Amino acid sequence: MASRVAKRGNVKKKSAASNKERPLVRHSIFPNMPPTIRFYKRETKVADFSVKKPPGRYKSTFRWCHTSLLPNLMKRTLRSSHYELVPEESEWRGYWGKHLHSFQYRTLTYWQKVNHFPGDFHLGRKDRLWLHLCDMARKFDGFGIMPYTYILPRDLPELREYLKSTKKHVILKPPASARGRGIQIVNKIEEVALDTPLIAQHYIESPLVMNGSKFDLRIYVYVSSLDPLKIYIFKDGLARFASVPYCHEQSYNNQYMHLTNFSINKFAEKNGITDGAVELKWRLSRFWKFVKENGKDPKVLWEKIKDVAIRAVISCVESVRKQQAVYCPYPFLNREVFGMDILVDSDYKPWILEMNISPSMQAATDQDVVVKAPLIADLMNMWRMEFVADGDVEAIDLSYRSKPLIEHKTRIHFYKEAEMMEFYHKTGKISPCILTELTDADLRILIEFEEEFKLRGDFDLIYPHNETIANYLKCNEPNYATLLLTAWICLSPEERTKGIQRIQKLAERGAHLAQIRVENEEKEEDASTKTTDSGSV
Numbered sequence: 089m090a091s092r093v094a095k096r097g098n099v100k101k102k103s104a105a106s107n108k109e110r111p112l113v114r115h116s117i118f119p120n121m122p123p124t125i126r127f128y129k130r131e132t133k134v135a136d137f138s139v140k141k142p143p144g145r146y147k148s149t150f151r152w153c154h155t156s157l158l159p160n161l162m163k164r165t166l167r168s169s170h171y172e173l174v175p176e177e178s179e180w181r182g183y184w185g186k187h188l189h190s191f192q193y194r195t196l197t198y199w200q201k202v203n204h205f206p207g208d209f210h211l212g213r214k215d216r217l218w219l220h221l222c223d224m225a226r227k228f229d230g231f232g233i234m235p236y237t238y239i240l241p242r243d244l245p246e247l248r249e250y251l252k253s254t255k256k257h258v259i260l261k262p263p264a265s266a267r268g269r270g271i272q273i274v275n276k277i278e279e280v281a282l283d284t285p286l287i288a289q290h291y292i293e294s295p296l297v298m299n300g301s302k303f304d305l306r307i308y309v310y311v312s313s314l315d316p317l318k319i320y321i322f323k324d325g326l327a328r329f330a331s332v333p334y335c336h337e338q339s340y341n342n343q344y345m346h347l348t349n350f351s352i353n354k355f356a357e358k359n360g361i362t363d364g365a366v367e368l369k370w371r372l373s374r375f376w377k378f379v380k381e382n383g384k385d386p387k388v389l390w391e392k393i394k395d396v397a398i399r400a401v402i403s404c405v406e407s408v409r410k411q412q413a414v415y416c417p418y419p420f421l422n423r424e425v426f427g428m429d430i431l432v433d434s435d436y437k438p439w440i441l442e443m444n445i446s447p448s449m450q451a452a453t454d455q456d457v458v459v460k461a462p463l464i465a466d467l468m469n470m471w472r473m474e475f476v477a478d479g480d481v482e483a484i485d486l487s488y489r490s491k492p493l494i495e496h497k498t499r500i501h502f503y504k505e506a507e508m509m510e511f512y513h514k515t516g517k518i519s520p521c522i523l524t525e526l527t528d529a530d531l532r533i534l535i536e537f538e539e540e541f542k543l544r545g546d547f548d549l550i551y552p553h554n555e556t557i558a559n560y561l562k563c564n565e566p567n568y569a570t571l572l573l574t575a576w577i578c579l580s581p582e583e584r585t586k587g588i589q590r591i592q593k594l595a596e597r598g599a600h601l602a603q604i605r606v607e608n609e610e611k612e613e614d615a616s617t618k619t620t621d622s623g624s625v
């Protein structure tokens, strides 16, 4: 059995070859698309490589909002690519911080990007997530993925009856807090605050125990778009341990035994709970080794965890979309990485505990550095921050016209959307003609996806996915863009390669560009027919 004694210094040292100057700009595989900025992982304070500097006329492009939540690993990555950190009230291109107020989303412009969706509380609040999962469970199988939850004080009578009839425990949590704050484990109604907003979850009495201790998994789920819906999962993650060996018969008041939050357990040695430093985090790869050594198939469990992530997101996506439609004039500015906390029980069933909307990207341990440094670099590359010079009217116009704005859609495109959605609602299937004639708006969606997909690094696309999409479309009311992307992803590799080549030819003549100009923002409807491609991809 592997030891959990804490070890330091596991971050690999770089070779001298890494000192070569690295490129700053990445050019698109599609013609008439703006280039984007490259980001590199930085594990140490002192850079062991350099990145080519941008010309002075690009200065405003390299401004990132400095917030209290901007982690050091991200600051290093940004500075390596020559970004200046500026106050929130300054003009900036990128933002990583706390959730914005609704009105703030309305102030954003098309060249900015932020790390939250308006309405992400539907996923991030435990009570909202539970309600959405309950709604889905009433209609479809497979949504029993969260421990049974009571929303207090509303469900107090139901909780009272449960605690009367069983000797089992519930875990009390504030519905919107994190890092273990305000958590209690109780089995008597007298221990429950009667007038405080809380949730009470059935406590999983038989968790899977690893090396004698209780643990949970921190999995990173990235939603890059709602229209179309795109969900990725990071291949690496963290197993986070309680600092005291688990014994379900002992006191439930011992938070160091029953809670796995690092923010709590890091004080165990200081508070005299443990005799020495205990390793509180493992990389996910070590967890998979443990699973295999115990006679289970890691791939099977990983697929179950992916399924939990997809079901959590699709249960809430319509509510988040509605918020985005109200507050975001430029919906492509939003993207979000969620910290999904998973508890695996003794039967190897994964349970979702919560979806954190601001997962910590700080690096308190070597394991954090090894997992989060590449995670941050991959995320920032997938953001595709554009390399556009100040005052370059042609480049600014190209950037604007390549964006998937609703007002950039032509009358012909709206006709196609209506026809394809009518077919789907009648048959429950995607029309085989959806890729036959691609409008300019279709091209923008597919180009955006292919550009993002090739920069995914260690992220896996899990929705839409050709092997699993049939399990989820019926559970979710997909929009047109999601149907289009699903049909695209379900092409064979050969068909998709041919499709990319066809789109490249169309992009070469600007068929993907909106006919509206950034200067006057007037739509040229009579030119819309020129942007429609006849012929299957």
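The sequence shown begins at 89 in this note's numbering and counts up one residue at a time. Beta carbons are placed, not taken as given, at the ideal position from N, Cα and C, and that holds for glycine. Since the structure is predicted, the reported quantities are computational estimates derived from the model, not experimental observations.
{"Item": "Segment contact flag, the stretch 465–478 with the stretch 145–156, C-beta cutoff 8 Å, min 3 pairs", "Value": "yes"}
{"Item": "Touch test, the stretch 524–535 against the stretch 488–502, Cβ-Cβ under 8 Å, three pairs minimum", "Value": "yes"}
{"Item": "DSSP beta-bridge partners of Val113", "Value": "Ile125"}
{"Item": "Distance, Ile398 Cα to Arg226 Cα", "Value": "17 Å"}
{"Item": "Rounded separation between Ile402 and Ala569 - CA only", "Value": "15 Å"}
{"Item": "Where Met443 falls: helix, strand or coil (DSSP)", "Value": "strand"}
{"Item": "Minimum C-alpha distance to Leu571 - residue among Thr284, Gln589, Arg423, Met509", "Value": "Met509"}
{"Item": "For Ala264, the nearest candidate out of His336, Ala330, His170, Ser446 (CA to CA)", "Value": "Ser446"}
{"Item": "Whole-Å CB distance - His187 paired with His204, under 8 Å assumed", "Value": "5 Å"}
{"Item": "Between the CA atoms of Lys201 and Asn341 - distance to the nearest angstrom", "Value": "43 Å"}
{"Item": "Minimum length 4: unbroken alpha helix (DSSP H) runs contained in the stretch 515–571", "Value": "528–541, 557–561"}
{"Item": "Reference Asn469; option with closest CA among Phe547, Lys318, Ile393, Glu583", "Value": "Phe547"}
{"Item": "Whole-number beta carbon distance between Tyr291 and Val332, since they are thought to touch under 8 Å", "Value": "Their Cβ separation, rounded to whole angstroms, is 17 Å, which puts Val332 and Tyr291 out of contact at 8 Å."}
{"Item": "Close beta carbons around Ala602, own chain, < 6 Å, minus the five adjacent residues each side", "Value": "Arg489, His496"}
{"Item": "Selection from Arg306, Phe322, Asp304 that minimises the alpha carbon distance to Ser312", "Value": "Phe322"}
{"Item": "6 Å CB neighbourhood of Lys108 in its chain, flanking five on each side removed", "Value": "none"}
{"Item": "Environment of Arg96 [buried if 16+ CB atoms lie within 10 Å]", "Value": "Below a pLDDT of 50, predicted positions are generally treated as unreliable, and Arg96, at 43, falls in that range; no measurement from the model is reported."}
{"Item": "Neighbourhood of Pro316 by C-beta, 6 Å cutoff - its chain only, sequence neighbours within 5 removed", "Value": "Ala569, Thr570, Leu573"}
{"Item": "Which listed residue (Gln412, Asp429, Met298) has its alpha carbon closest to that of Leu421", "Value": "Gln412"}
{"Item": "Separation of Thr524 from Ala327, as counted between CA atoms", "Value": "46 Å"}
{"Item": "Test item: CB-CB of Glu279 and Gln272 under 9 Å", "Value": "yes"}
{"Item": "Straight-line gap, Val297 to Ile518 (C-alpha atoms, nearest Å)", "Value": "44 Å"}
{"Item": "Close Cβ partners of Val309 (< 6 Å) along its chain, the five nearest in sequence each way excluded", "Value": "Ile321, Ala397, Phe426, Met428"}
{"Item": "Spatial distance of Ser178 from His154 (CA atoms)", "Value": "10 Å"}
{"Item": "Cutoff 7 Å; reference Val274; Cβ partners in own chain excluding five residues on either side", "Value": "His257, Val258, Leu260, Val280"}
{"Item": "Identity of the residues DSSP links to His290 by a beta bridge", "Value": "Val258"}
{"Item": "Cα-Cα separation, Pro175 to His553", "Value": "40 Å"}
{"Item": "Residue nearest to Pro241 in terms of C-alpha spacing, selected from Asp223, Tyr250, Asp283", "Value": "Asp283"}
{"Item": "His600 burial status per 10 Å Cβ neighbour count (16 or more: buried)", "Value": "buried"}
{"Item": "Exposed unless 16 or more other CB atoms sit within 10 angstroms - verdict on Gly360", "Value": "Confidence in Gly360 is poor, its pLDDT being 44 and thus under 50, which makes the residue's placement too unreliable to answer from."}
{"Item": "Same chain, Cβ closer than 6 Å to Tyr236, neighbours up to 5 away in sequence not counted", "Value": "His290"}
{"Item": "Cβ-Cβ distance between Val408 and Pro566 below 9 Å", "Value": "no"}
{"Item": "Cross-strand partners of Glu582 (DSSP beta bridge)", "Value": "Beta-bridge pairing links Glu582 to no other residue."}
{"Item": "Spatial distance of Tyr418 from Ile440 (CA atoms)", "Value": "31 Å"}
{"Item": "Paired residues, beta bridge with Gly182 - DSSP", "Value": "Trp152, Lys201"}
{"Item": "Buried/exposed call for Arg597, threshold 16 Cβ in 10 Å", "Value": "exposed"}
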